[in-house]
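In the order they appear, the protein sequences are chains A and B. Mapping the first sequence onto our numbering, position 41 (from 1) lands on 41, and the numbers just tick up by one. Mapping the second sequence onto our numbering, position 74 (from 1) lands on 74, and the numbers just tick up by one.
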Amino acid sequence: NAGVTQTPKFRILKIGQSMTLQCTQDMNHNYMYWYRQDPGMGLKLIYYSVGAGITDKGEVPNGYNVSRSTTEDFPLRLELAAPSQTSVYFCASITRLTQRMNTGELFFGEGSRLTVL
Amino acid sequence: AQSVTQPDIHITVSEGASLELRCNYSYGATPYLFWYVQSPGQGLQLLLKYFSGDTLVQGIKGFEAEFKRSQSSFNLRKPSVHWSDAAEYFCAVGASNFGNEKLTFGTGTRLTIIP
């Protein structure tokens, strides 16, 4: 059981380049999230999705886009990379957040470290 | 909107000593509260959670946390720390409105254990 898989694990981009961070989960989870983690800042929610075809902005969506065409996949797109987007990105999933449906445990990927120069 | 404050950026504790990590939250309704731990270079692992009921919750690795509504707090405790507890700890609060279910994390507390 692979859980949440993120690719790539590491990437260096030049300013203005574009790329997509891939996230796939094989647990049939409805809810998926993208966070970025910066030193001393904790995890900030970029975008989230409560099911296929439904996405919504989190705290820090600017400069990013997402799509959710299937239950399994939730890619994060950076259109014009900027140095401020240098960070570690985590994808996570859960059946549903509330207690009736699950244990409340978010399953995290191992992270993608992105550097923009 | 919900928010979480972890006032201690870095805590150093001697091995075998007790530990308390502070967490304060802001949320208009009954919160869902979590503590996660992150070892270096790893993703996050759930330590424990509070949804309702008993305000003292037990988690993995000997950790516990107490929900205090009057203080809007959810502090994490361990009676005797081990060197393997050195990590970063994140408190999180969950919004529970259907279709708006997301976790907001605090900025984290880095725990260092000294022999």
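By construction, the Cβ of each residue, glycine as well, lies at the ideal position given by its N, Cα and C atoms.
Residue pairing of Val116/A in beta bridges, as defined by DSSP: Leu13/A. Taking a cut-off of 8 Å for Cβ pairs, the segment 40–51 of chain B and the segment 12–23 of chain B do not touch, as fewer than three such pairs fall below it. Those residues of the segment 103–114 of chain B placed with their C-beta closer than 8 Å to a C-beta in chain A are Leu103, Thr104, Phe105, Gly106, Thr107 and Gly108, ordered along the chain. Contact residues of the segment 50–61 of chain B toward chain A are Phe51 and Ser52 (C-beta to C-beta distance below 8 Å). Rounded to whole angstroms, the Cβ separation of Met27/A and Ser49/A is 14 Å, and the two are not in contact under 8 Å. Chain-ordered, the chain B residues with CB closer than 8 Å to the CB of Phe90/A read Gly43 and Leu44. By the 16-neighbour rule on beta-carbons within 10 angstroms, Trp83/B is exposed. In the displayed model, Arg68/A falls within coil according to three-state DSSP, outside both helix and strand. With a threshold of 8 Å between beta carbons, Phe90/B makes contact with chain A.
Taking a Cβ-Cβ threshold of 9 Å, the residues of chain A close to Ile9/B are Gly40, in chain order. When beta bridges are read from the DSSP output, Ala92/B appears opposite Phe34/B and Phe105/B.
Cβ neighbours of Thr86/A within its own chain (closer than 8 Å, five residues either side excluded): Leu114, Thr115 and Val116.
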